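Some notes on the structure that comes next.
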Amino acid sequence: MPKTVLMCPPTFFDVREPKNPYMGLPVDRVRAQQQWNHLRRALEDAGLKVEVIDPVEDLDDMVFAANQAFVGRHERLGNFIVPSRMRHASRHKEVAFFVDWFRQRGYKIIDLDLKGEFLEGHGDLLWHPDHARIWAAYGFRSTRGGVEKFAAAMQDLGFPVMPLQLVDEHCYHLDTCLCPLNDEAALIYPGAFSIASLQTLRASWKRIHELTADESRQFMGNGIVVNGRFITPQLTENLQQILNREGLNPVVIDTSEFEKSGGSAFCMKAFIE
Ligand code: ARG
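By numbering that gives the first Met the number 0, the letter at position 273 of the sequence shown is numbered 272, and the numbering carries on one by one without gaps.
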């Protein structure tokens with residue numbers, strides 16, 4: 000179980016250009032800061048240490064600290080990151096600040112030659128809970144070619160990569176529609192995946208629990224599993240039952256300001272250790 004997460008305060012958070020179907024309404028930065036503080040406290044209450052990277056003016060999406068790098072640990076190599084290549088030009092500059100942050104802390108940087116391709120960190124790349132493989136999605140943000148280059152690099156380290164194709168623009172990142180709950184069970188929104196990818200998921204997990212379209216659009220698939228808790232922006236009867244079955248306790252944290260940008264709890268942090 001990871002012990003530390005990295006977050007970025009929403010000091011300069013804003014909704015400017017629409018990068019996904021959720022973006023349109025103006026944000027209330029005071030409320031956003033309060034919600035961010037609550038999420039931070041919920042993570043600390045769950046036993047995590049929270050590290051913070053300095054926010055940068057004009058980088059309005061930097062608060063989504065899950066996207067700028069893929070973070071991992073390898074037996075021989077130690078801690079490493081794979082820097083992202085973000086699809087939207089307005090997010091390109093975020094990556095260098097995260098790379099510097101990780102470099103200063105001794106992380107190896109695995110730079111892929113992503114020219115012409117995109118790869119968006121833990122938005123689309125999720126560790127299986129046992130860290131034996133990685134789920135990697137393409138379709139809206141990361142490209143198939145980006146995922147292939149990532150898979151080749153991870154293969155060299157002994158981590159198999161399971162590619163998944165996303166087909167619903169409301170689930171433009173994998174972390175909106177696949178949430179691993181433990182080694183055996185995952186929460187998914189089935190409508191987000193191609194038929195073949197859905198088959199792969201059903202064949203790979205012992206238990207697949209399904210969210211409805213509405214639940215997934217309310218970011219209930221973007222929760223954080225930590226020390227027996229499930230931090231979620233909302234709770235329905237269906238989700239409550241799923242969590243009961245998997246022995247997780249819901250912790251509801253309002254993330255409505257960040258949902259106006261198409262993100263919620265999971266997107267706002269990266270597990271770093
Ligand atoms: N506004 C951000 C974007 O569209 C939201 C990113 C949400 N992050 C995530 N991991 N789903 O890029």
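Every residue gets a Cβ at the ideal spot worked out from N, C-alpha and C, and that includes glycine.
Given the structure is predicted, the values throughout are model-derived calculations rather than measurements.
8 Å Cβ cutoff met for residue i and residue j
| i | j | result |
| --- | --- | --- |
| Phe96 | Ile52 | yes |
| Met153 | Ser203 | no |
| Arg140 | Tyr171 | yes |
| Ala195 | Ala64 | no |
| Thr199 | Leu242 | no |
| Asp174 | Cys266 | yes |
| Ala88 | Gly120 | no |
| Phe149 | Ala135 | yes |
| Glu258 | Tyr106 | no |
| Asn226 | Gly46 | yes |
| Glu209 | Pro189 | yes |
| Val81 | Leu111 | yes |
| Arg39 | Pro9 | no |
| Gly145 | Leu113 | yes |
| Val251 | Gln233 | yes |
| Leu125 | Lys92 | no |
For residue i: DSSP bridge partner residues
| i | result |
| --- | --- |
| Asn78 | Arg72 |
| Val185 | With the sequence shown as reference, residue 185 is identified as Ala, and Val is not the correct amino acid for it. Pro179, Ile207. |
| Val98 | Per DSSP, none; premise fails for Val98. |
| Ala286 | Residue 286 is absent from the structure shown; the chain starts at 0 and stops at 272. |
| Ala272 | As written in the sequence, residue 272 is Glu, which differs from the Ala given in the question. Note: Glu272 sits in no beta bridge, so no partner. |
| Met6 | Val51 |
Coil, strand or helix - residue i by DSSP
| i | result |
| --- | --- |
| Met161 | strand |
| Ala65 | coil |
| Thr199 | helix |
| Met85 | coil |
| Val49 | strand |
| Val26 | coil |
| Asp59 | coil |
| Arg39 | helix |
| Arg15 | coil |
| His283 | For the chain, the structure presents residues 0 to 272; residue 283 sits outside this window and is missing. |
| Asp167 | coil |
| Ala151 | helix |
| Asp264 | The question names Asp, yet the displayed sequence has Ala at residue 264. Reduced to three states, the DSSP call for Ala264 is coil. |
Rounded distance between the beta-carbons of residue j and residue i, thought under 8 Å
| i | j | result |
| --- | --- | --- |
| Leu118 | Arg72 | Actually they are not in contact, since the Cβ atoms of Leu118 and Arg72 sit about 19 Å apart, beyond 8 Å. |
| Leu186 | Cys178 | 4 Å |
| Phe101 | Val55 | Their Cβ separation, rounded to whole angstroms, is 16 Å, which puts Phe101 and Val55 out of contact at 8 Å. |
| Thr282 | Ile271 | No answer is possible for residue 282: it lies beyond the span of the chain, which begins at 0 and ends at 272. |
| Leu76 | Leu156 | 7 Å |
| Gln34 | Asp253 | 6 Å |
| Val275 | Cys7 | Only positions 0 to 272 of the chain appear in this structure, which leaves residue 275 out of reach. |
| Leu5 | Glu50 | 5 Å |
| Ser260 | Val14 | 5 Å |
| Arg104 | Asp60 | Their Cβ separation, rounded to whole angstroms, is 23 Å, which puts Arg104 and Asp60 out of contact at 8 Å. |
| Glu256 | Val26 | 5 Å |
Identify every run of the beta strand (DSSP E) within the stretch 206–257, keeping only runs that are complete inside it and at least 3 residues long; order them along the chain.
206–209, 223–225, 228–231, 248–251
Beta strand (DSSP E) runs contained entirely in the stretch 103–145, provided each spans 3 or more residues
124–126, 133–137
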